[in-house]
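Below is one structure, written out as structure tokens; comments come after it.
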Amino acid sequence: MSSTVGAVPPTRAASPPPSAPLHRRRSYRLGRWDLKYSPYLYVTPFFVLFGVFGLFPVLYTVYVSLFDYELLSGTKEYAGLENYRLLMQDAQFWNAAYNTLGIFLLSTVPQLIVALMLANLLNRQMRARTLLRMGVVIPNITSVAAVGIIFALIFADRYGLINWLLGTVGFDPIAWRDNRFASWFAIAFMVDWRWTGYNALIYLGAMQAIPKDLYESASLDGASTWRQFWTITVPLIRPTILFTVIISTIGGFQIFTEPLMYGNGLVRGGVDHQFQTLAMYIYEKTFTGNSEYGYGAAMSWLLFMMIIIFALINFVLVRRSVKGDKK
Amino acid sequence: MPGAQLWQASPLTYLALILGGVLSIFPIIWSFIIASRDNSAVYEMPPTPGDQLFTNVDRMLANEDAAFLYGLVNSAVVSTVVTISVIFFSSLAGFAFAKLKFRGSNALLLIIILTMMVPTQLGVIPLYLMMVELGWTGTLQAVIVPFLVQGFGVFMMRQYAMSAISDELIEAARLDGCSTWRIYWNVVLPALRPAAAVLGLLTFMQTWNEFLWPFIVLTPDTPTVQYSLKILSSGLYQTDYVALFAGTALATLPLLIVFIIFGRQIIGGIMEGAVKS
Chain B
1 MSSTVGAVPP TRAASPPPSA PLHRRRSYRL GRWDLKYSPY LYVTPFFVLF
51 GVFGLFPVLY TVYVSLFDYE LLSGTKEYAG LENYRLLMQD AQFWNAAYNT
101 LGIFLLSTVP QLIVALMLAN LLNRQMRART LLRMGVVIPN ITSVAAVGII
151 FALIFADRYG LINWLLGTVG FDPIAWRDNR FASWFAIAFM VDWRWTGYNA
201 LIYLGAMQAI PKDLYESASL DGASTWRQFW TITVPLIRPT ILFTVIISTI
251 GGFQIFTEPL MYGNGLVRGG VDHQFQTLAM YIYEKTFTGN SEYGYGAAMS
301 WLLFMMIIIF ALINFVLVRR SVKGDKK
Chain X
1 MPGAQLWQAS PLTYLALILG GVLSIFPIIW SFIIASRDNS AVYEMPPTPG
51 DQLFTNVDRM LANEDAAFLY GLVNSAVVST VVTISVIFFS SLAGFAFAKL
101 KFRGSNALLL IIILTMMVPT QLGVIPLYLM MVELGWTGTL QAVIVPFLVQ
151 GFGVFMMRQY AMSAISDELI EAARLDGCST WRIYWNVVLP ALRPAAAVLG
201 LLTFMQTWNE FLWPFIVLTP DTPTVQYSLK ILSSGLYQTD YVALFAGTAL
251 ATLPLLIVFI IFGRQIIGGI MEGAVKS
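Heads up: the protein sequence lines correspond to chains B and X, in order.
At position 257 of the first sequence the residue is numbered 257 (the UniProt record's numbering), and the sequence of numbers has no breaks.
At position 251 of the second sequence the residue is numbered 251 (the UniProt record's numbering), and the sequence of numbers has no breaks.
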């Protein structure tokens, strides 16, 4: 087709070469076909690739979860809902769910609040603006594996940086791994460190779209900058806040690499599983030892359900609290 | 960037932001410091640099289990292929959604937006079984092919194409006898270059930092750089801490360089509302 096109001189179609009517008709028909159907060709690669490697595996997880895999014999046996029943009685599963929820709350809530404050600070007339923005987003370009390794040493029990700092100001060292809450805190800190600046930039993008005169009239009415922040800025960027909350929920519930690297690359999550997350437990059951694919798949599906439920809860909570602010 | 900047920043604002910046950069700088020390001085406080950086890098590279250099090369290959593919397919589909009329386009676009909500990680077990069936475990295509397209990319390109490319331009190209493909290749793609650069940078960083999936589907024979790090850190009890930190420094360095060169564009891209994953 492109050869036909190439043969047409680059003049306006209003003055077609009268010498080749047949040629023109064919190119016209091809043009119609091109207009009508080629858009489908352009979007097809996405749907095919995503369907095969994105959607299909997620749906197929349901099917896999109904089977009992035997690694040695290489067989699988239909087990119905047995995997789900066993999960309900699995103390380690509930422990992992508890840890995941705890780390999620400890990381997401401060992260988004600080990001909001940070964005508000960055949204001013200032020198070295780009440099400061680059500064807060630098953690995001590091690899999670590297961050896990670095923070494992910062929060090390015996010779860690934090415990050294605590020691110099006269506090006792904290058992950053053995104590459940302390280990959650350290892991949440890594997540916050990596994502706060990133979220701040997303908020900043939304804040810059707010019309200036809103603030001007509020100033005339005598509203303080703090009040303007809560009554103008926050309500107006609500869609963006909701977006970050949902994305953080999806990411936070799947947390895996930070606790893994924090525990020296072991999926156990501490001697007493005190910081083993659901994603780590799924990994332990599926890819180490017995390859219990069915069990792991059942867990994945429950995790998915939890994500949806929590995303909805968060959605409603944030919507209400941001809206409830009087305008 | 013009926008609503109302208040002049106070000294306190600067102080808070500089503090935030220091907190952001410190762990990275500190890891470079440790990478420069002698093994006996790992835990020494306060953090001052040593002079052993190159010795440590050498020893880290000599660790055959980790195959770090090989991991670097693999990561570069994987990230480059994925980035080019994402840019190509996203711009192609984004162009179709923004500028071409076809039945069902709205519904299809909605589906693409919804795919951004599907957490791929939850499909990891079947995906792994698929890779076993295909015989792809331990090969680079296992970490490339599943990531060749990205819903976010399509959406982003569509948004950009809507505002950056005028309908008149496309109409004019058509009257000149361009096929749709020619229009995409000669008119649309060049116009999409700024958005493609941002999408490319974000995709490259994301792919470079990908951890879980390579860790599942690859073997120590074909590591990516994150995989190499994991192997280095698992040998932690033989404690070559400084070599490990030389590894984290080296794995981060390429991205730091990219960031220093393209920082402005990356920030612009994030502010447009990039999706984190």
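No residue lacks a Cβ here, since even glycine has one placed at the ideal position from N, Cα and C.
Quick check: residue i and residue j, are their CB atoms within less than 8 Å of each other?
| i | j | result |
| --- | --- | --- |
| L122 of chain X | L66 of chain B | no |
| A98 of chain X | R182 of chain X | no |
| F310 of chain B | T249 of chain B | yes |
| I138 of chain B | S24 of chain X | yes |
| F315 of chain B | V245 of chain B | yes |
| G268 of chain X | V198 of chain X | yes |
| A9 of chain X | M126 of chain B | yes |
| L140 of chain X | V77 of chain X | yes |
| L110 of chain X | Y160 of chain X | no |
| residue 278 of chain X | W213 of chain X | The structure shown does not extend to residue 278 of chain X, since chain X spans only 1 to 277, so no value can be given for it. |
| F53 of chain B | L127 of chain X | yes |
| T277 of chain B | I255 of chain B | yes |
| A206 of chain B | T257 of chain B | no |
| W208 of chain X | S75 of chain X | yes |
| V144 of chain B | F211 of chain X | yes |
| residue 282 of chain X | L204 of chain B | The structure shown does not extend to residue 282 of chain X, since chain X spans only 1 to 277, so no value can be given for it. |
| N56 of chain X | A196 of chain X | no |
| T196 of chain B | V114 of chain B | yes |
Tell me which residues share the same chain as residue i and place their Cβ nearer than 7 Å to its Cβ, disregarding the 5 neighbours each side in the sequence.
| i | result |
| --- | --- |
| A182 of chain B | I174, A175 and W176 |
| L69 of chain X | L61 |
| Y198 of chain B | V137 and N140 |
| L87 of chain B | F93, A298, M299 and L302 |
| I112 of chain X | G151, V154 and F155 |
| A97 of chain B | L278 |
| L189 of chain X | S91 |
| G102 of chain B | W184 |
Could you list which residues in chain B have their beta carbon closer than 9 Å to that of residue i, in chain order?
| i | result |
| --- | --- |
| M130 of chain X | V52, F53, F56, P57 and Y60 |
Quick one: is residue i buried, meaning 16 or more other Cβ sit within 10 Å of its Cβ, or exposed?
| i | result |
| --- | --- |
| R37 of chain X | buried |
| G324 of chain B | Low local confidence applies: a pLDDT of 48 at G324 of chain B is under 50, so the model's placement there is unreliable, with the coordinate-based value given in what follows. It is exposed - the Cβ of G324 of chain B has fewer than 16 other Cβ atoms within 10 Å. |
| M60 of chain X | buried |
| V271 of chain B | exposed |
| P18 of chain B | Below a pLDDT of 50, predicted positions are generally treated as unreliable, and P18 of chain B, at 47, falls in that range; no measurement from the model is reported. |
| G153 of chain X | buried |
| R12 of chain B | The predicted position of R12 of chain B is uncertain, since its pLDDT is 44 and thus under 50; a value taken from the coordinates is nonetheless stated next. It is exposed - the Cβ of R12 of chain B has fewer than 16 other Cβ atoms within 10 Å. |
| P27 of chain X | buried |
| R264 of chain X | exposed |
| Q54 of chain X | For the sequence presented, residue 54 of chain X should be read as Phe rather than Gln. Label assigned to F54 of chain X: exposed. |
| S2 of chain B | For S2 of chain B, the pLDDT reaches just 39, beneath the cut-off of 50, and the residue's location in the model is therefore unreliable, although a value from the coordinates is still provided. Exposed, by the Cβ-count rule. |
| V187 of chain X | buried |
| S321 of chain B | exposed |
| G51 of chain B | exposed |
| A107 of chain X | exposed |
| V221 of chain B | Position check: residue 221 of chain B holds Asp in this sequence, whereas Val was assumed. By the 10 Å Cβ count, D221 of chain B comes out exposed. |
| I257 of chain X | exposed |
| G148 of chain B | buried |
| D274 of chain B | With the sequence shown as reference, residue 274 of chain B is identified as Gln, and Asp is not the correct amino acid for it. The residue is buried, with at least 16 neighbouring Cβ atoms inside 10 Å. |
Starting from the beta carbon of residue i, find every residue of chain X whose beta carbon is closer than 8 Å, and list them in chain order.
| i | result |
| --- | --- |
| G197 of chain B | G20 and S24 |
| G289 of chain B | Residues of chain X passing the Cβ test: none, with the nearest at roughly 14 Å. |
Note down, in chain order, each residue of its chain lying with its Cβ closer than 6 Å to the Cβ of residue i, except the 5 sequence neighbours on either side.
| i | result |
| --- | --- |
| V58 of chain B | none |
| A93 of chain X | V154 |
| K285 of chain B | E292, Y295 and G296 |
| F32 of chain X | A249 |
Find the residues of chain X that neighbour residue i, judging by a C-beta separation of less than 7 Å, and give them in chain order.
| i | result |
| --- | --- |
| D34 of chain B | S179 and T180 |
| L49 of chain B | L148 and V149 |
| T224 of chain B | Position check: residue 224 of chain B holds Ser in this sequence, whereas Thr was assumed. Under the 7 Å cutoff, chain X gives no residues; its nearest Cβ is about 11 Å from S224 of chain B. |
What does residue i touch in chain C if you count any residue whose Cβ is under 7 Å from its own?
| i | result |
| --- | --- |
| R133 of chain B | Here chain C cannot be found, since the structure's protein chains are B and X. |
Could you name the residues of chain B that residue i contacts, counting a contact when the two beta carbons are closer than 7 Å?
| i | result |
| --- | --- |
| N209 of chain X | S143 and V144 |
| L92 of chain X | Y42 |
| E272 of chain X | G205 |
| T252 of chain X | T142, S143 and A146 |
| A98 of chain X | In chain order: nothing, as chain B lies at least about 11 Å away. |
| F102 of chain X | P39 and Y40 |
Name the chain X residues that come within less than 9 Å of residue i, Cβ to Cβ?
| i | result |
| --- | --- |
| W164 of chain B | Y43, M45 and P46 |
| G296 of chain B | V124 and I125 |
Keeping to the same chain, check which residues put their C-beta closer than 8 Å to that of residue i; ignore five residues upstream and five downstream.
| i | result |
| --- | --- |
| Q208 of chain B | N123 |
| F215 of chain X | Q226, Y227 and K230 |
| F102 of chain X | A96 |
List, in chain order, every chain B residue whose beta-carbon is nearer than 8 Å to that of residue i.
| i | result |
| --- | --- |
| L72 of chain X | None at all; the shortest Cβ gap to chain B is about 12 Å. |
4-residue-minimum alpha helix (DSSP H) runs that sit fully inside the stretch 19-84 of chain X, ordered along the chain | Segments of the alpha helix (DSSP H) lying fully in the stretch 19-84 of chain X: 53-62.
Which runs of the beta strand (DSSP E) spanning at least 3 residues fall entirely within the stretch 60-119 of chain B, listed in chain order?
-> Restricted to the stretch 60-119 of chain B, the beta strand (DSSP E) segments that are unbroken, complete and at least 3 residues in length are 67-69 and 76-78, listed in chain order.
Which full runs of the alpha helix (DSSP H) of 4+ residues lie inside the stretch 113-171 of chain X, going along the chain?
-> As far as the stretch 113-171 of chain X is concerned, its whole alpha helix (DSSP H) runs of at least 4 residues are 124-134, 141-144 and 151-164.
Taking only runs of the alpha helix (DSSP H) that begin and end inside the stretch 223-286 of chain B, which ones reach a length of at least 4 residues, in chain order?
-> If we require 4 residues or more, the alpha helix (DSSP H) runs fully inside the stretch 223-286 of chain B come out as 225-228, 238-253 and 257-262.
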